[in-house]
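Protein chains in written order, with my numbering: chain A, 42 to 274; chain B, -19 to 708; chain C, 22 to 105; chain D, 22 to 105. Ideal Cβ positions, reconstructed from N, Cα and C, are used throughout, including at glycine. Remember, predicted model here, so these are calculated numbers, not experimental data.
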Amino acid sequence: MKAAVIVFPGSNCDRDVTVALRQSMHAGGGGEPTLVWHKEADFPAVDLIVLPGGFSYGDYLRSGAMAAHSPVMTEVARRASRGVPVLGICNGFQILTEAGLLPGALMRNAGLRYVCKDVHIRVESSQTVFTSKYETGQTLRIPIAHHDGNYSADDDGLARLEDGGQIAFRYCDNDGSHSSAANPNGSARNIAGIFNETKTVLGMMPHPERLADAQLGGTDGRPLFDGLIEALS
Amino acid sequence: MSEVTPEIVAEHGLKEDEYQRILEILGRAPNLLELGIFSVMWSEHCSYKSSKVWLKTLPTTGDCVIHGPGENAGVIDIGDGLAAIFKMESHNHPSFIEPYQGAATGVGGILRDVFTMGARPVANLNALRFGDPEHPKTKQLLSGVVAGIGGYGNCVGVPTVGGEVNFDPGYNGNILVNAMTVGIARTDRIFTSKASGPGNPIVYVGSKTGRDGIHGATMASAEFAEGTEEKRPTVQVGDPFTEKLLIEACLELMETDAIVAIQDMGAAGLTSSSFEMASKGGLGVELALDKVPCRETGMTPYEMMLSESQERMLIVLKPSREGLARRVFEKWDLDFAVIGRLTDTGRMVLTLHGETVGDLPIDPLAEAAPEYERPWEPAPSRPHIDAAEIPPPADLGQALVTLLGSPDLCSRRWIWEQYDHMVMADTAGRPGGDAAVVRIHDSDRALAITTDCTPRYCLADPERGGAQAVAEAWRNLTAVGALPLAITDNLNFGNPERPEIMGQFVGCIKGIADACRTLDFPVVSGNVSLYNETNGHGIPPTPTIGGVGLIEDLAATATIAFKAAGEAILLIGETTGHLGASLYLREIAGRHDGAPPPVDLAAEKRVGDLVRGLIVQQAVTACHDLSDGGLAVAVAEMALAGGLGATLGQPDGGLPLHAWLFGEDQARYLVTAPAAGVVLEAARQAGVPAVCIGETGGSGLTLPGTDTISLSTLRAAHEGWMPAYTGA
Amino acid sequence: MKARVHVTLKPGVLDPQGKAIEHALGTLGFTGVEGVRQGKVIELDLAETNPAQARKNLHDMCEKLLANTVIENYAIELDGQSAP
Amino acid sequence: MKARVHVTLKPGVLDPQGKAIEHALGTLGFTGVEGVRQGKVIELDLAETNPAQARKNLHDMCEKLLANTVIENYAIELDGQSAP
Ligand SMILES: Nc1ncnc2c1ncn2[C@@H]1O[C@H](COP(=O)(O)OP(=O)(O)O)[C@@H](O)[C@H]1O
Ligand SMILES: [Mg+2]
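See below:
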């Protein structure tokens, strides 16, 4: 199992997600994630590509807009089209939408403020390479930390996501219900994460790598990495 | 270049005798560029002319100290070949003028002080003081400052893990924004600004130089007056993205052997950074100003030397390493320019297109920097108020709800949820506890970090207040199970030319020094901010203390949350019911008088050492120190954090109940344990007073003599104030 | 040649910043203000001197980077001349 | 009455956003682009029908909320008419 974490100028969760991946890789048979600088358009073949959180290019202009044009992204798109799983977390999700690998856009939070806190999200489908270690309907506690996480798409786009089973996670109360009070940023239909049509690309605003270690206060994020490593090994 | 007139000298904030000294040093009149350089180097901000004699009295040595004050930041040994590097710095005046950018660039500046020494920054904290919430400016200042701190820290990817906030009319015209950064470095990879090797190239890296904040440093030393508005263009805009690149590029270069010395460009930018490097090395510098990367066309040498553009560093390289260094900075898309070299002349020579535009001797300028023993008057002492003199509240429970929902005691969640406090995935103790706990990466050890100061105590009795600030920082670190190691301080005061203000400064320093000595808690770095005064109204004396401690095993720490029902709640330390200068007195009785609580440093140490021992042995399940608002507030905070109520019994002894509940006696902690016996026995052996005061359980808080108050009522009061105030 | 690009949210896309400004204006006592929307203006100096070519380049810049056409419209202004 | 307010950084004030956009345009192969600055446009519908009064109100809104006059300038446009 080989994994690449792409580093853009301004990425700041690259190390965090590498640590979480490494933990699951070591538990699942070994290997080391590789950090790939965004200018390296021809990085080695891997089984998983991760776009980490952070503020690529300072999030200036629009979050993820400039990173989406980094040299490496052409290659990421090509591999994604061949079915290599791509996981974008937070800024990584923003980059994936800006690059057109996922539909919709992430706008300024409805409250206009940056929000960093634990939220609850509901797993909408466990039938994917990313979520196989969760149960459908399971409620997770995972932190968010973003200024632009307000998922937006037009009604047709939202309907396509619903119909295609492309909604990965929704913000919910701790009992799993999707109230608007549980929506931290105004996202359409409480969307916290989405898949592409083939469910090989996942973008999510919450940070599973931040609660994958009991010393940090929780491990609800860990099965996502364990599941990926198991499925891809 | 224009002629230097007396008006220009005065505009540069130089006194007549200071100007005479310049004439003596140069043996001629300075030109405008040279005058500008003298003025920033001799400003209060850079020269510490009013405070130096007193700062020398602080204890700065200890077993853990690697570098005390004098470097960009303090350095302490934390074992395993690692060092913690930290400092706190103020950005008060800029934040008052433009809260977002002022606060943001404050964070940027303190980060540079830390990574310039070779440390990866791992935590930011911020100590904030605002005016009366009812003052028309306060709300916007609070929102702007918090957004600015978050805007910068979140983007650079360093977690903001703690801080403190007070509101007091004394800050109406002068808010305080003190930012602290803690970094971690290998002890064999610590970099300083001491230049060596005449001929070595001097390299400029980072952002381009613009006309930002020219005279910012002198502005920070000038008392505010009406008409502040005109100084507005001196505000700088922060670029956290470039700072992030600068951190990564500098740390990458620091992995090589290319660097001789490195210094960030802070206040007085290129002037003070080049000056300091040469002066520390006993050398000279030659700078070709036409090589300085500029953002604007037509910038003058004066502007280049005095610009305070952000996100810039100066590096002395080994001569053969220029190519290597250039490649690193170009990889990160940062400007890189060789702008000069070290010389053995002991002079700073500035040229533009080959022509000398400035020529100053370095050592004489540094040595002749003014140093004042300003006259001071001790603060008048206030009488002790006997608790029995202060009437009880109509309703004890209501008094608690009022206190918990008051501006100084309410939850700070609205603030810290705007800060990324988890990035770097090592935040083991998040905001909301007594001290932040940041894991040392790839280990089971951690740093505990806190900032503390109680300005109303410092105003009431500067010496006691200074000691209390140190004691509270020490106690907050202890309360999470850490061994307190060292502090940084940020001394914020009014106009030192007024003897009563200087008296506050002297008193606080004495108290700090005393506490540091007794608690073995040396000062390793710090910052002084004077002239926090508007139209003759000085701020309350505010010596903010930033403390760092070490946790050897993350499995043996404590948090404030109640863990299980049916556990004993124990009060450790002596309770006398001291209400003078307390929040109860202010918020409930409407009085601001009285002496602050006595600070018994020996008792502080005895009690703290006992509590730390209990935490490390995992004999207690929760721990919280007692401070503002006293026992009742602490119990409520523990209950809210755990989502679990408690019932307290009637105390023994003859104290009035409100004094027992709300008194602010120092050197006290609350702990919980499955059974009281172990704790009581350990306390008995240590000669520390301890008493079981109640039991956890239920969904409300029952205080003696009151009906049960539900946690939801307490939570609504505690969590409600700040969001309602800021309109969120 | 100086150019300005206006980037605005498409009609129908919710504008949280505009809404917040509208609300804040209300609380400041400014009445009778509605439909507040916030957009971006990007000013550029172009070496290109041919207006048609400049306009074409700007159009490409917008499509590629300056606007997110999923949610945003853009308009190009050259030397003070509005877009056709 | 429709109005637009342009808010731009004062000359000389660092514009990190503009700088980053300029850099990104360069790496995308757009050459000959300089001096990129990013500003805001705020569009509003005003109930006020008297242009002079509307302009005065907008001026107040800018001073109080829409612009940060420490580092930003603003310009008011009414019904397509540029500010004097
Ligand atoms: N400006 C701030 N930024 C981040 N965290 C803060 C800030 N102010 C307070 N906090 C956090 O809120 C909690 C309570 O603060 P405080 O009442 O000052 O604690 P204590 O009385 O124990 O010193 C602490 O965890 C502190 O770090
Ligand atoms: Mg505390």
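Under a three-way DSSP split, which group does residue i fall into?
{"i": "A:Gln168", "result": "coil"}
{"i": "B:Asp112", "result": "coil"}
{"i": "B:Gly588", "result": "helix"}
{"i": "A:Asp159", "result": "strand"}
{"i": "B:Ser391", "result": "coil"}
{"i": "A:Thr138", "result": "helix"}
{"i": "A:Ser193", "result": "strand"}
{"i": "B:Asp494", "result": "helix"}
{"i": "D:Val16", "result": "Residue coverage of chain D in this structure runs from 22 to 105, which leaves residue 16 of chain D outside it and unanswerable."}
{"i": "B:Gly445", "result": "helix"}
{"i": "B:Thr652", "result": "strand"}
{"i": "B:Ser254", "result": "helix"}
{"i": "A:Ser52", "result": "strand"}
{"i": "B:Gln597", "result": "coil"}
{"i": "B:Val615", "result": "helix"}
{"i": "A:Cys213", "result": "strand"}
{"i": "A:Arg123", "result": "coil"}
{"i": "B:Asp(-3)", "result": "helix"}
{"i": "C:Pro110", "result": "Summary: the structure shown does not reach residue 110 of chain C, with chain C confined to residues 22 through 105, and so no result is reported for it."}
{"i": "B:Gln484", "result": "helix"}
{"i": "B:Asn472", "result": "strand"}
{"i": "B:Phe147", "result": "strand"}
Quick check on residue i - is its C-beta less than 8 Å from some C-beta in chain A?
{"i": "D:Ala41", "result": "yes"}
{"i": "B:Thr407", "result": "yes"}
{"i": "C:Val57", "result": "no"}
{"i": "D:Gln38", "result": "yes"}
{"i": "D:Tyr95", "result": "no"}
{"i": "C:Asn89", "result": "yes"}
By a C-beta neighbour count over all protein chains shown, 10 Å radius and 16 as the cutoff for buried, is residue i buried or exposed?
{"i": "B:Ser361", "result": "exposed"}
{"i": "B:Arg191", "result": "buried"}
{"i": "B:Glu357", "result": "exposed"}
{"i": "A:Ala108", "result": "buried"}
{"i": "B:Thr514", "result": "buried"}
{"i": "B:Glu(-17)", "result": "exposed"}
{"i": "B:Pro703", "result": "exposed"}
{"i": "B:Thr41", "result": "exposed"}
{"i": "A:Asn53", "result": "buried"}
{"i": "B:Gly179", "result": "exposed"}
{"i": "B:Pro(-14)", "result": "exposed"}
{"i": "B:Gly633", "result": "exposed"}
{"i": "A:His67", "result": "exposed"}
For a cutoff of 8 Å on Cβ pairs, would you count residue i as touching chain C?
{"i": "D:Ala45", "result": "yes"}
{"i": "A:His188", "result": "no"}
Do we get a CB-CB distance below 8 Å when we pair residue i with the residues of chain D?
{"i": "B:Ile77", "result": "yes"}
Give a yes or no on whether 8 Å exceeds the smallest Cβ distance from residue i to chain B.
{"i": "D:Gly53", "result": "no"}
{"i": "A:Val60", "result": "yes"}
Check your understanding: Can you find at least 3 beta carbon pairs, one from the stretch 157 to 169 of chain A and one from the stretch 209 to 223 of chain A, that sit closer than 8 Å?
Key -> yes
Exercise for review: For the stretch 297 to 353 of chain B, list the alpha helix (DSSP H) runs that are entirely contained and at least 4 residues long, ordered along the chain.
Suggested key: 302 to 311, 342 to 347
Practice item. Kindly provide the ranges of any alpha helix (DSSP H) runs that are 4 or more residues long and lie completely inside the stretch 80 to 145 of chain B, ordered along the chain. Key: 118 to 136
Check your understanding: Does the count of Cβ pairs from the stretch 536 to 544 of chain B and the stretch 583 to 603 of chain B closer than 8 Å reach three?
Key -> yes
Check your understanding: Within the chosen definition, does the stretch 631 to 648 of chain B reach the stretch 545 to 557 of chain B through at least 3 CB pairs nearer than 8 Å?
Key -> yes
Practice item. May I ask you to verify whether the stretch 619 to 633 of chain B touches the stretch 493 to 502 of chain B, counting CB pairs closer than 8 Å and requiring at least 3? Key: no
Exercise for review: Would you check if the stretch 29 to 37 of chain B and the stretch 59 to 74 of chain B touch, i.e. whether three or more CB-CB distances between them fall below 8 Å?
Suggested key: no
Review point. At which residue ranges does the stretch 48 to 124 of chain A contain complete alpha helix (DSSP H) runs of 4 or more residues, listed in the order of the chain?
Key: 55 to 68, 112 to 122
Review point. Are the stretch 167 to 176 of chain A and the stretch 93 to 110 of chain A in contact at 8 Å, needing three or more beta carbon pairs?
Key: no
Exercise for review: Would you be able to state if there are at least three C-beta pairs under 8 Å between the stretch 85 to 104 of chain C and the stretch 31 to 49 of chain C?
Suggested key: yes
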